[in-house]
Each structure stands twice: as C-alpha cells, then as structure tokens.
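Residue numbers (the working numbering), protein chains in the order written: chain A, 104 to 323; chain B, 104 to 323.
Glycine included, C-beta positions come from ideal geometry on N, C-alpha and C.
Here the structure is laid out as structure tokens; the discussion comes afterwards.
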DNA sequence: ACTTGTATGTGGTATTTGCAACGGAGGTGT
DNA sequence: ACACCTCCGTTGCAAATACCACATACAAGT
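What follows is the structure, encoded as structure tokens:
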C-alpha cells in the first residue's frame with residue numbers, strides 16, 4: 104500500500120481520513136511515487152495534467168515565462184503541500200512550468216477519481232473532496248490578498264496593505280512576520296533597499312515601529 | 104418558489120441542474136432575494152458570512168481597506184457572477200467590504216447547505232458542489248495570473264506578461280483584448296500615460312504592433 | 001578576541017513611473 | 001459643417017524607485 108498513514112498524517116488533504124478509508128483510497132486514487140532530481144522539469148506550459156502532486160520531501164517551483172522569455176517564480180511548494188490540483192480538475196492547459204529545485208520525493212494521485220468517486224457517496228472520498236475544496240479556497244484567498252497588495256500604486260501603500268494583512272492575521276497591532284527583509288521585499292515585488300528606506304521613513308513619521316521581523320502599527 | 108429556471112439558466116453555478124432538482128434545491132438552500140440600493144454596504148471587514156451571493160442585476164464592489172484607511176477595489180461582480188462563496192465555506196472573517204455600486208438585485212443561498220447535503224448523495228447538490236468547485240478554481244487561476252503579472256518588476260515586464268496571457272487565451276499572436284487603454288492600465292495598476300508610452304516604445308522596437316484593443320506580438 | 005558571514009540600513013545616482021496639460025482622431029448629434 | 005465628447009498618444013517635469021556601494025549590527029565559529 105502506497106498511502107501510508109504515518110506519512111500522510113501531516114498532509115492537510117488527508118486530515119480526518121481513517122485508516123480504513125485510506126485503504127480504500129489506495130485502490131481508488133492510483134497513487135504513485137516519483138523521485139525528481141534537482142532541476143528536473145515535472146511539466147511544461149500547455150500540458151494538460153491528470154494528477155495532483157504532493158511534496159513529501161523537497162521543493163518545487165512554479166515558473167511562468169512570457170512570449171519573449173522573461174521568467175517569474177509564481178509559487179513555491181514545500182513539504183506537505185499540494186500542487187497541480189486546480190489544473191487537474193479543470194483540465195485546462197498549464198500556463199507555467201513545474202520544476203524541482205531540490206532532489207524531491209513526490210506523491211501523485213489521480214484527481215479526477217476524487218470527483219468520480221464522490222458521486223458514489225463514499226465517505227472517505229467526500230472528506231477528501233471537502234479537504235480539497237478547503238485547500239483550494241485557502242490558496243484562492245492567498246492569491247487574492249497578494250493581488251490586493253501588489254495592485255497598490257506605490258511602495259508605501261504596498262507596505263501598509265501587507266502589514267495590515269499581518270495585523271489582521273495576528274489580531275494585535277504588535278506581531279512578528281514570517282519573512283526576513285529580503286523575503287518581504289520579494290513578496291512585495293520591490294527592491295530590498297527601497298523597502299528598508301520606506302520602513303525607516305515610516306518609523307520616523309511615527310506610524311509604526313519595527314526591528315527585524317517584529318512590527319508594531321500605530322494610529323496617529 | 105424563488106429559484107426560477109429562466110433566471111438561473113445563465114448562471115454558471117446552476118448549469119446542468121434539472122427543473123426537478125431545482126425544486127428540491129429551493130427547499131434545501133434557503134434562497135432569498137435582496138434589493139440593494141447604490142452605495143449600500145452588504146458586509147464589513149471581520150464579518151463571518153453564511154451565504155453565497157449571486158448578482159441577478161446590478162454591480163458589487165469588493166473593497167479592502169488597510170490599517171490607516173487606504174482603500175482598494177479588489178474585485179467587481181456583475182450580472183450572473185458569484186461573491187462570498189469562498190468565505191462562506193471557510194467561515195473565516197472577511198478582509199474586505201462588499202458594496203453595491205448600482206441599485207442591485209441579489210440572490211443569496213446558504214452555502215453550508217451545499218456541503219451538508221452533499222453527504223446525503225443528492226444528485227442535484229453534487230452537481231452544484233462540482234459547479235461551485237469549478238467556479239472557485241477559475242477564480243483562483245485568475246488571481247494567480249493577476250499576481251503573476253503584478254509581481255513583475257517594471258512596466259515593460261507587466262505589459263509583456265499581460266499580453267502573453269492574452270496570447271495564450273487566443274492561441275494566435277494577433278488578438279483583441281477585452282479592455283480599453285484605461286482599463287488595461289487599471290488591471291496592470293499603472294498610469295494610463297505611462298502605459299501608452301511603453302506600448303509606443305515597444306512598437307518602435309518592433310516587438311509588437313497594436314491599434315486600440317488589437318495587438319500583434321512579434322518575435323525578433 | 002578575532003574572523004567570517006549574513007542581514008539590515010543608508011547615501012548617492014540613474015532610471016522609471018506618475019502626473020498634468022494638451023492635441024489629434026474618430027464618433028455622435030444638431 | 002459644426003460643436004461636442006471620449007479615447008488615445010505625446011511632452012515636459014516631478015516624484016518614486018531601482019541600483020550600486022558601503023557601513024553597521026549581530027551571530028557563529030575558531
């Protein structure tokens with residue numbers, strides 16, 4: 104049996120699935136393992152994919168490339184995260200490549216089988232379907248938030264929007280963000296130095312305080 | 104009966120649902136109609152919502168506001184589109200407001216009922232669930248594309264990425280986009296004049312041709 | 001204590017983008 | 001034909017940001 108309860112216990116997609124249900128899923132989902140070496144491409148633009156990938160070990164980059172060849176990393180998938188779930192359901196051609204950037208150990212399952220089996224009212228599958236929905240919604244909300252932040256017209260507003268999201272996540276105006284300065288700049292798609300300058304300006308104006316990854320928002 | 108087959112026939116969420124199934128849904132989904140006047144708020148940040156909204160007539164804006172009060176329109180919902188579906192499933196607090204910007208006629212349905220009833224194996228509900236999944240995935244992919252474009256570091260790359268998406272949608276390097284110049288600038292979150300300048304520069308360099316909404320991409 | 005390395009902040013300059021003003025093209029109604 | 005309007009492109013200038021070089025702070029190892 105490929106679907107191992109120990110391995111899958113930390114993967115959100117399989118939360119709440121019992122060992123018995125897992126045994127059934129093992130026959131339904133056609134699970135298979137793939138090892139990818141660093142730099143190996145898993146799929147290319149225009150591919151239509153059938154499987155959802157799950158990172159057991161390693162790191163995958165989703166890379167988009169425009170008509171003239173400029174590249175951009177759209178997403179990174181690390182341990183226990185899913186990739187390809189949306190495109191394998193909608194069966195639309197990819198608009199990006201998937202590349203392993205570390206030696207990776209991957210589990211693939213036949214996504215369409217979740218939808219098919221859901222019609223039979225199988226309990227384990229319905230849980231899986233619901234988990235899948237939850238994960239996709241979470242990803243959708245994350246992309247929405249990112250688009251919200253990136254659509255702000257200048258650096259000050261991007262920083263403000265980003266910190267407001269973090270403030271909302273934490274519930275208090277004093278919190279620690281999960282990024283260092285460079286990662287924060289990357290998320291905001293701005294230059295690190297420009298970000299440092301803007302933060303320092305905002306601190307001087309008294310609207311926030313910070314030190315490394317710790318921030319405190321202030322009303323005037 | 105509130106769920107009217109004629110009205111719903113153009114709404115993607117109800118595609119493929121038979122008239123009989125619709126009658127059952129009418130009792131299950133607790134549908135209700137609401138008329139909103141222009142400027143009326145439908146919900147506020149931090150609200151936890153129970154319903155998916157469907158625009159029968161009118162226009163709704165999704166507006167986010169940061170800690171210091173800067174506003175941003177994240178999304179616009181027009182006739183036959185859904186809003187609030189993700190948050191009413193995940194039951195996480197909103198990070199935006201919903202406002203009618205025209206007198207609007209709205210249909211609301213109890214989202215959680217779709218998930219509950221799916222467990223009973225009801226056929227109409229399962230179709231609805233699947234339609235919902237498809238819509239959410241489509242929205243997710245759109246936000247992904249938008250985030251991809253907006254995360255490009257300068258205007259040239261934003262334009263390139265945007266036109267490449269349109270190229271991929273159309274399949275040929277010569278196509279018409281569904282925006283005028285101002286709308287295109289808004290989508291890219293840049294100044295209209297700056298966009299005109301960049302396009303004109305790219306035309307001079309011979310990497311593309313355009314006239315109003317028509318574009319042609321060229322390899323060098 | 002010293003070296004090394006990494007993360008962060010700062011200053012100066014070049015480049016990009018925003019902004020305001022304007023002119024031309026094309027459409028519409030009188 | 002004329003006035004009027006909207007959309008688009010252009011120009012000049014101001015403001016914001018990227019880029020480069022370097023200083024400082026802090027942590028880890030020797």
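Residue 308(B) versus residue 155(A) - alpha carbon distance: Within the second chain, the letter at position 205 stands for residue 308(B). Within the first chain, the letter at position 52 stands for residue 155(A). Between residue 308(B) and residue 155(A), the C-alpha separation is close to 42 Å.
Given this structure, state the Cα-to-Cα distance separating residue 264(B) from residue 136(A), to the nearest angstrom. Within the second chain, residue 264(B) is the residue found at index 161, counting from 1. Within the first chain, residue 136(A) is the residue found at index 33, counting from 1. Using only the alpha carbons, I get a separation of about 34 Å.
Does the beta-carbon of residue 255(B) have 16 or more other beta-carbons within 10 angstroms, so that it is buried, or is it exposed? Your numbering for residue 255(B) matches position 152 in the second chain. Classification for residue 255(B): buried.
Considering only C-alpha positions, which residue in the set 198(B), 108(B), 127(B) is nearest to residue 149(B)? Walking along the second chain from the start, residue 149(B) turns up at place 46. Taking only the C-alpha atoms, the option nearest residue 149(B) is 198(B).
So with Cβ pairs under 8 Å, would you call residue 108(A) a contact of chain B? The residue given as residue 108(A) occupies position 5 in the first chain. No, residue 108(A) does not count as interfacial toward chain B.
Assuming residue 145(B) and residue 203(B) are in contact, meaning their beta carbons sit under 8 Å apart, how far apart are those beta carbons, in whole angstroms? Residue mapping note: residue 145(B) aligns to position 42 of the second chain, counting from 1. Residue mapping note: residue 203(B) aligns to position 100 of the second chain, counting from 1. Yes, they are in contact, since the Cβ atoms of residue 145(B) and residue 203(B) sit about 7 Å apart, within 8 Å.
Please list the partners that residue 313(B) has in chain A, where partner means a Cβ-to-Cβ separation under 7 Å. For this step, residue 313(B) is matched to residue 210 along the second chain. Residues of chain A passing the Cβ test: none, with the nearest at roughly 14 Å.
Contact set between residue 246(B) and chain A, taken where Cβ atoms lie within less than 7 Å: Within the second chain, residue 246(B) is the residue found at index 143, counting from 1. By Cβ distance, chain A contributes 243, 246, 247, 250.
Pick helix, strand or coil for residue 137(B), following the three-state DSSP scheme. By 1-based counting over the second chain, the position of residue 137(B) is 34. Three-state DSSP puts residue 137(B) in a strand.
When DSSP labels each residue in this structure, what does residue 175(B) get in the three-state scheme? Taking the first residue of the second chain as 1, we reach residue 175(B) at position 72. Note: residue 175(B) maps to strand in three-state DSSP.
Chain A contact residues for residue 256(B), given Cβ-Cβ distances below 7 Å: Counted from its first residue, the second chain places residue 256(B) at position 153. Under the 7 Å cutoff, chain A gives 292.
For residue 234(A) and residue 299(A), what's the separation of their Cα atoms in angstroms? Taking the first chain and counting its residues from 1, one reaches residue 234(A) at position 131. Taking the first chain and counting its residues from 1, one reaches residue 299(A) at position 196. Whole-angstrom Cα-Cα distance: 39 Å.
Assign residue 323(B) to buried or exposed, taking buried as 16 or more other Cβ atoms, counted over all protein chains shown, within 10 Å of its Cβ. Working through the second chain from its first residue, we reach residue 323(B) at position 220. Residue 323(B) is exposed by the Cβ-count criterion.
Quick check on the DSSP output: what are the complete beta strand (DSSP E) runs of length 3 or more inside the stretch 195-265 of chain A, in order along the chain? 200-203, 207-213
Please confirm whether residue 216(B) has its beta-carbon closer than 8 Å to some beta-carbon of chain A. Taking the first residue of the second chain as position 1, residue 216(B) is located at position 113. Chain A contact via Cβ: absent.
From the beta carbon of residue 317(A), is the nearest beta carbon of chain B less than 8 Å away? Along the first chain, read from residue 1 onward, the residue named residue 317(A) stands at position 214. No, no contact with chain B.
DSSP on residue 282(A), reduced to helix/strand/coil? Working through the first chain from its first residue, we reach residue 282(A) at position 179. Coil.
So, at 8 Å on beta carbons, what are the nonlocal neighbours of residue 301(B) in its own chain, with the 5 sequence-adjacent residues on each side left out? Sequence index remark: in the second chain, residue 301(B) carries index 198 (1-based). Closer than 8 Å at the Cβ level, and outside the excluded window around residue 301(B), lie 258, 259, 262.
Report all residues from its chain with a CB closer than 8 Å to the CB of residue 238(A); omit the five preceding and five following residues, and keep chain order. Taking the first residue of the first chain as 1, we reach residue 238(A) at position 135. Contacts found: 115, 116, 185, 188.
So the candidates are 129(B), 180(B), 312(B); which of them puts its Cα closest to the Cα of residue 217(B)? In the second chain, the residue the question calls residue 217(B) occupies position 114. Among 129(B), 180(B), 312(B), the Cα nearest to that of residue 217(B) is on 129(B).
Within 8 Å (strictly less), CB to CB, does residue 233(A) reach chain B? One-based indexing of the first chain puts residue 233(A) at position 130. So yes, residue 233(A) belongs to the interface.
Between the alpha carbons of residue 267(B) and residue 170(A), how many angstroms are there, rounded? As a first step, residue 267(B) is located in the second chain; it is residue number 164 there, counting from the start. As a first step, residue 170(A) is located in the first chain; it is residue number 67 there, counting from the start. Whole-angstrom Cα-Cα distance: 5 Å.
For residue 160(A), does the three-state DSSP call read helix, strand or coil? Indexing the first chain from 1 puts residue 160(A) at position 57. Strand, per DSSP.
Out of curiosity, what's the CA-to-CA distance linking residue 284(A) and residue 297(A)? Locating residue 284(A) in the first chain gives position 181, where the first residue counts as 1. Locating residue 297(A) in the first chain gives position 194, where the first residue counts as 1. Using only the alpha carbons, I get a separation of about 11 Å.
Looking only at its own chain, which residues have a Cβ that is under 6 Å from the Cβ of residue 304(B), when we skip the five neighbours before and after it? In the second chain, the residue the question calls residue 304(B) occupies position 201. Counting only Cβ-Cβ distances below 6 Å, and skipping sequence neighbours, we find nothing.
Which residue's Cα is closest to the Cα of residue 161(B): 209(B), 213(B), 172(B), 320(B)? Translated into positions along the second chain, residue 161(B) becomes position 58. Considering only alpha carbons, the answer is 209(B).
When DSSP labels each residue in this structure, what does residue 320(A) get in the three-state scheme? Looking up residue 320(A) in the first chain gives position 217. In this structure, residue 320(A) counts as strand in the three-state DSSP scheme.
Looking only at DSSP bridge pairs, what is residue 185(B) linked to? As a first step, residue 185(B) is located in the second chain; it is residue number 82 there, counting from the start. In DSSP, residue 185(B) forms a bridge with 157(B).
Are the beta-carbon atoms of residue 206(A) and residue 140(A) separated by less than 8 Å? As a first step, residue 206(A) must be located in the first chain, where it is residue number 103. As a first step, residue 140(A) must be located in the first chain, where it is residue number 37. Yes, the Cβ-Cβ distance between residue 206(A) and residue 140(A) is below 8 Å.
Would the beta-carbon of residue 236(B) fall within 8 Å of that of residue 228(A)? Your numbering for residue 236(B) matches position 133 in the second chain. Your numbering for residue 228(A) matches position 125 in the first chain. For residue 236(B) and residue 228(A), no; Cβs fall outside 8 Å.
Check residue 192(A) in the structure and name its three-state DSSP category. For the purposes of this step, residue 192(A) is identified with residue 89 of the first chain, where counting begins at 1. Three-state DSSP puts residue 192(A) in a helix.
Go ahead and label residue 124(B) buried or exposed: buried means 16 or more other beta carbons lie within 10 angstroms of its beta carbon, across all protein chains shown. Numbered from its first residue, the second chain carries residue 124(B) at position 21. Under this definition residue 124(B) is a buried residue.
Identify whether residue 170(A) lies in helix, strand or coil by the three-state DSSP scheme. Along the first chain, read from residue 1 onward, the residue named residue 170(A) stands at position 67. Looking at residue 170(A) - three-state DSSP - the assignment turns out to be coil, as it is neither helix nor strand.
Between the beta-carbon of residue 165(B) and the beta-carbon of residue 201(B), is there less than 8 Å? Counting from one through the second chain, the residue named residue 165(B) turns up at place 62. Counting from one through the second chain, the residue named residue 201(B) turns up at place 98. Result yes, Cβ atoms of residue 165(B) and residue 201(B) sit closer than 8 Å.
Buried versus exposed, by CB contacts within 10 Å (16 or more), residue 246(B): Position 143 of the second chain, counted from the start, is the residue given in the question as residue 246(B). So residue 246(B) counts as buried.
With 8 Å set as the bound, which would you pick, yes or no: does the beta-carbon of residue 222(A) sit closer than that to a beta-carbon of chain B? Start at 1 with the first residue of the first chain, and residue 222(A) comes out as number 119. Yes, because at least one Cβ of chain B sits closer than 8 Å to the Cβ of residue 222(A).
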